[in-house]
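Line order of the protein sequences matches chains A and B.
Take any residue in the first sequence, note its place counting from 1, add 8, and you have its number in this note's numbering.
Take any residue in the second sequence, note its place counting from 1, add 8, and you have its number in this note's numbering.
Number of protein chains: 2
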Amino acid sequence: MDTNNDITPNSSTEDKIKEAARRVFIRKGYAATRTRDIADESGFNLSLINYYFRSKEKLFDIIIKEHFQSFIQSVMVIVNNRDTSIQQKIQLIINNYIDMLTKNPDLPLFVLKEINSDPDKFMAMIGFDKVNGGGTYLAQQWAEMAAHRKAPPVKPIHFLMNTASLIIFPFIAGPVIRNKTGIDKEQYNNLMEERRKLIPYWVSLMLNDSYEGLNN
Amino acid sequence: MDTNNDITPNSSTEDKIKEAARRVFIRKGYAATRTRDIADESGFNLSLINYYFRSKEKLFDIIIKEHFQSFIQSVMVIVNNRDTSIQQKIQLIINNYIDMLTKNPDLPLFVLKEINSDPDKFMAMIGFDKVNGGGTYLAQQWAEMAAHRKAPPVKPIHFLMNTASLIIFPFIAGPVIRNKTGIDKEQYNNLMEERRKLIPYWVSLMLNDSYEGLNN
DNA sequence: ACTGATTTTAATCATTTGATTGAATAAGTT
DNA sequence: AACTTATTCAATCAAATGATTAAAATCAGT
């Protein structure tokens, strides 16, 4: 009665509006989204969105929060698993991301754009401010590995950047690349599938190289 | 008298408005930019922007066109240079991009967002629709190289994606990474400087590997 | 069937926002 | 000086847009 969930017996309409709003927000971004767009997309009257959610901004907050909670959690489970190796974790994270991004190709651009307009606010909204990467089991494994072998003359942050870049950027740039190459959506998804195996391989190349060729 | 340029004797105000508009548009995106923001940023009256440029959209078009013309041209010069090797071209392009992106860190996100909202229109606007990558001298060099050695079992498009990813994505994700790591802007620029040498090295690793380890 | 609560809608409001207008000022021409 | 043209601004308009309201429709319980 006061836990405030499941109060609504039949939340079908509310959920439909949320789903419609999620689609429109992620496709067009917060600024370019009109509440009327959401009404149209959901098929309901404009004032319904203000009846269920107080305002455009509140609706936005709620949707985004719900959308990311589960994903962040799934990644945290992977990085804190004590039974998988670093290599396995990398592969699992890549799979997790590629699955998610194939379903939601507009998401990275949306996220990065909204973060860009107010980093602290958005990170707090999606609960990413509380995530402490350094406290994960993966970070511990990484530190142990680094202690045992001669570290490459390259700061670790570069490898994190590279992995994220190789996974995420092709989704962001999808429209450009498809437009220039004429590759259709399905073929492009196949390319992304190929990268499931390729990215871990490339990352290990970069990670295990001696960097002796890197001079002058 | 009919070539329509240099008609304006003193274009100082017009240029100031253009500069202000460029800053605001690229920082906030087209949808979130108010003409009043541009007026404020420029220090001039709101109606001045409609006096010089007919509308918000026309102003946008003009600015974007001018902004990209020079950059695209500089890249085309590099890829069509008959006196440099592939490796040298890669290095030059990377330098070109990192220079430009260090000065305009908001640019990639802006471009990708606008392209996303209407690929054909934006590509045409910046003149990128006329660019034919396959017709460049670099493409010819690439084809020759591919003919002479056993091609890796990986489609060439992946290497293009990877290079672009490694260059551009760290700029896009800068705010997120800085927010999580506490790295300040100057330190982050230093990281980007390090990548001038690192990215070509990583790309050659990926390019020259035998891919024998890539199985199952 | 009746009652009260919940859900949905059409109509409307208030603010924001892109654009226009007409006057004021400056600068050059005759 | 008188006239013309280019530049700038305050005031205002019209459309778009987020939000509210009051009434109608629907539903649940009796």
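All residues carry an ideal CB built from backbone N, CA and C; glycine is no exception.
Please state the DSSP three-state secondary structure of residue i.
{"i": "A:G142", "result": "helix"}
{"i": "A:V184", "result": "helix"}
{"i": "B:T41", "result": "coil"}
{"i": "B:D6", "result": "The shown model of chain B, from 9 to 224, leaves out residue 6 of chain B, and the question about it has no answer."}
{"i": "B:S218", "result": "coil"}
{"i": "A:F136", "result": "coil"}
{"i": "A:I191", "result": "coil"}
{"i": "A:D114", "result": "coil"}
{"i": "A:V87", "result": "helix"}
{"i": "B:R62", "result": "coil"}
{"i": "B:A159", "result": "coil"}
{"i": "B:F68", "result": "helix"}
{"i": "B:N53", "result": "coil"}
{"i": "B:I173", "result": "The residue asked about is misnamed: residue 173 of chain B is Ser in this sequence, not Ile. B:S173 falls in the helix class under three-state DSSP."}
{"i": "A:S20", "result": "helix"}
{"i": "B:N103", "result": "helix"}
Measuring only between beta-carbons, confirm whether residue i sits less than 7 Å from chain B.
{"i": "A:V184", "result": "yes"}
{"i": "A:F33", "result": "no"}
{"i": "A:F177", "result": "yes"}
{"i": "A:L117", "result": "yes"}
{"i": "A:M169", "result": "yes"}
{"i": "A:L146", "result": "no"}
{"i": "A:I70", "result": "no"}
{"i": "A:I80", "result": "no"}
{"i": "A:I57", "result": "no"}
{"i": "A:L54", "result": "no"}
Return yes when the Cβ of residue j is within less than 7 Å of the Cβ of residue i, no when it is not.
{"i": "B:I106", "j": "B:R204", "result": "yes"}
{"i": "B:L215", "j": "A:D217", "result": "no"}
{"i": "A:I180", "j": "A:P127", "result": "no"}
{"i": "A:F118", "j": "A:I34", "result": "yes"}
{"i": "A:I6", "j": "A:M133", "result": "Since the displayed chain A opens at 9 and closes at 224, residue 6 of chain A lies outside it and no answer follows."}
{"i": "B:I225", "j": "B:I102", "result": "One cannot answer for residue 225 of chain B here, as it falls past the ends of chain B, which runs 9 to 224."}
{"i": "B:A40", "j": "A:A39", "result": "yes"}
{"i": "A:T144", "j": "A:N88", "result": "yes"}
{"i": "B:F177", "j": "A:F76", "result": "no"}
{"i": "B:T171", "j": "B:V211", "result": "yes"}
{"i": "A:S82", "j": "B:S173", "result": "no"}
Tell me which same chain residues have a C-beta within less than 6 Å of the C-beta of residue i, skipping the five on either side of it?
{"i": "A:I98", "result": "P208"}
{"i": "A:D23", "result": "none"}
{"i": "A:K64", "result": "T43"}
Using 7 Å as the limit for Cβ to Cβ distance, is residue i near chain A?
{"i": "B:L215", "result": "no"}
{"i": "B:N13", "result": "The predicted model places B:N13 with a pLDDT of 32, which falls under 50 and marks its position as unreliable; any figure quoted below should be read in that light. For B:N13, the answer is no, since every Cβ of chain A falls outside 7 Å of its Cβ."}
{"i": "B:Y209", "result": "yes"}
{"i": "B:L174", "result": "yes"}
{"i": "B:A40", "result": "yes"}
{"i": "B:N187", "result": "yes"}
{"i": "B:Y46", "result": "First, the amino acid is wrong: residue 46 of chain B is Ile here, not Tyr. Not an interface residue."}
{"i": "B:L222", "result": "yes"}
{"i": "B:I25", "result": "no"}
For residue i, I'd like the list of residues in its chain whose CB is within less than 7 Å of its CB, leaving aside the five on either flank, ordered along the chain.
{"i": "B:G182", "result": "P113 and Y196"}
{"i": "B:S50", "result": "K24, I25 and A28"}
{"i": "A:G141", "result": "A147"}
{"i": "A:Y219", "result": "P160, P161 and V162"}
{"i": "A:F68", "result": "F33 and Y38"}
{"i": "B:N53", "result": "A47"}
Might you give, ordered along the chain, the residues of its own chain that have their beta carbon closer than 8 Å to the beta carbon of residue i, omitting 5 neighbours on each side?
{"i": "A:I123", "result": "F130 and M131"}
{"i": "A:G225", "result": "Because residue 225 of chain A is not part of the residues shown, which for chain A are 9 to 224, the question remains open."}
{"i": "A:I94", "result": "L146, Q149, W150 and M153"}
Measuring only from the beta carbon, is residue i closer than 6 Å to any heavy atom that is part of the ligand FAD?
{"i": "B:I86", "result": "The ligand FAD is not part of this structure, which contains no ligands at all."}
Query raised in the report: Of the residues that make up the region 87-98 of chain B, which ones have a beta carbon closer than 9 Å to any beta carbon in chain A?
Result: none
Requested in this report: Can you give me, in chain order, the residues of the region 121-136 of chain B that have a beta carbon less than 9 Å from any beta carbon in chain A?
Outcome: Those residues of the region 121-136 of chain B that come within reach of chain A (Cβ to Cβ, closer than 9 Å) are K121, I123, N124, S125, P127, D128, M131 and F136.
Query raised in the report: Of all the residues that make up the region 97-114 of chain A, which are near chain B by a beta-carbon distance shorter than 8 Å?
Result: D114
**Report entry** Short-range partners of chain A found in the region 148-169 of chain B, where Cβ spacing is below 9 Å
**Finding:** For the region 148-169 of chain B, residues whose beta-carbon sits nearer than 9 Å to a beta-carbon of chain A comprise V162, K163, I165, H166, L168 and M169.
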